[in-house]
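In full-length UniProt numbering, the protein residues as written are 1 to 373. Below you'll find the structure, written out as structure tokens, and then a few comments.
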């Protein structure tokens with residue numbers, strides 16, 4: 001999978017930009033606040049129909065304009081097609097091959113990306129919500145079915161929590177509607193859990209050898225899906241559904257008292273262990289960074305396994321956060337493998353010999369120029 005070109009109109013500090021990319025490593029070079037990360041963000045928006053920097057789409061519109069547009073051309077195997085995201089005060093539209101998509105969930109997955117930014121180093125030591133978001137974003141790209149299940153689950157969860165709050169205000173409690181919502185929530189929850197258990201096992205299989213290589217075989221990484229309830233069979237959807245229903249039945253009074261849903265995928269977590277010790281709690285900063293790097297590199301191969309094509313890799317100012325050894329391992333791992341986009345203020349701190357024939361773009365005040373040979 002390749003992103004051949006991108007076009008920006010009124011996006012952040014870009015009035016207009018057209019950039020044609022290399023199929024190898026593309027470097028966005030420039031001082032801070034010149035537009036490097038905005039260009040990287042635009043690629044992410046083209047893929048995911050949302051920014052990783054803000055929850056408010058309107059913030060991406062150039063200050064003196066009414067709309068922003070990001071478009072590009074993607075190549076998959078022997079075919080290429082256009083993608084487009086347009087943002088206005090009224091909302092957002094996504095087009096695939098010139099056709100507007102009714103649902104954004106139908107658009108996601110046309111361009112698969114893996115973003116590695118400084119904040120991703122908090123994947124290990126951050127809150128459980130960070131790791132749940134990681135699972136949902138990555139799995140949503142690879143599996144349209146997972147994304148559908150997730151959207152339905154989140155809608156039902158919001159409904160159920162709202163109804164639990166309503167029930168707390170009533171003396172006479174009619175639980176019939178709550179039971180209906182519970183059954184529907186458990187159905188989608190079981191589907192999500194089944195897919196998450198499978199995904200985490202595959203992720204661990206790819207990440208283990210990478211982590212071993214980076215640590216010179218001194219450490220062994222384990223990744224575990226930490227469920228909010230006891231699951232008796234992780235590979236059987238019907239059994240997972242039954243376990244969820246049992247948890248809701250046993251915890252009904254607690255949920256009524258606390259006015260919220262206490263069990264399900266929205267309460268789960270990922271646990272990372274190195275040599276049997278919880279790296280989130282006991283790991284050094286170096287171990288936590290090695291774990292995060294191993295997981296991100298594992299994603300590249302896992303996405304190839306699940307979709308048939310390598311994703312596009314976005315490295316947003318992350319090399320400066322890695323020491324020489326981890327930086328070298330990262331750059332070696334991506335050589336001649338995936339199309340890569342990399343932002344940096346200077347090439348001095350990067351092992352230039354690891355960047356095989358990069359295409360360098362100079363970014364200055366919302367202007368993009370290719371560096372002369």
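Ideal Cβ positions, reconstructed from N, Cα and C, are used throughout, including at glycine.
Between the C-alpha atoms of residue 173 and residue 189 there is a straight-line separation of about 25 Å. In the three-state scheme derived from DSSP, where H, G and I count as helix and E and B as strand, residue 348 is classed as coil.
Under DSSP, residue 26 forms a beta bridge with 341 and 359. About 13 Å separates the Cβ atoms of residue 229 and residue 185, ruling out a contact at the 8 Å cut-off.
Fully enclosed alpha helix (DSSP H) runs of no fewer than 4 residues occupy 252-258, 279-282 and 285-307 of the stretch 239-323, in order along the chain. Where residue 50 is concerned, there is no enclosing beta strand (DSSP E), because DSSP gives it neither an H nor an E. Counting only the Cα atoms, residue 366 lies some 29 Å from residue 76. The three-state reading of DSSP puts residue 60 in helix, counting H, G and I together. Within the DSSP bridge table, the entry for residue 72 names 6 and 83 as partners. Excluding five sequence positions before and after residue 312, the CB atoms of its chain that fall closer than 6 Å to its own CB belong to 3, 113 and 339, given in chain order.
Annotated three-state conformation of residue 199 is helix, per DSSP. The secondary-structure analysis by DSSP pairs residue 93 across a beta bridge with 86. Within the model, the alpha-carbon separation for residue 343 versus residue 369 is close to 14 Å. Taking a cut-off of 8 Å for Cβ pairs, the stretch 296-310 and the stretch 268-284 do not touch, as fewer than three such pairs fall below it. Residue nearest to residue 45 within the set 31, 16, 78 and 104 is 104 (criterion: CA-CA distance).
Classified as exposed, residue 177 has fewer than 16 neighbouring CB atoms from the shown chains inside 10 Å of its CB. Sorting 364, 15, 144 and 150 by C-alpha distance to the C-alpha of residue 133 places 150 at the top.
Boundaries of the beta strand (DSSP E) harbouring residue 221: 221-226, taken from the DSSP string. The Cβ atoms of residue 364 and residue 30 lie closer than 7 Å to each other. Residue 11 and residue 56 have their C-alpha atoms roughly 14 Å apart. The three-state secondary structure of residue 21, taken from DSSP, is coil.
Judged by DSSP in its simplified three-state form, residue 137 adopts helix. Looking at the DSSP output, residue 99 bridges to 96.
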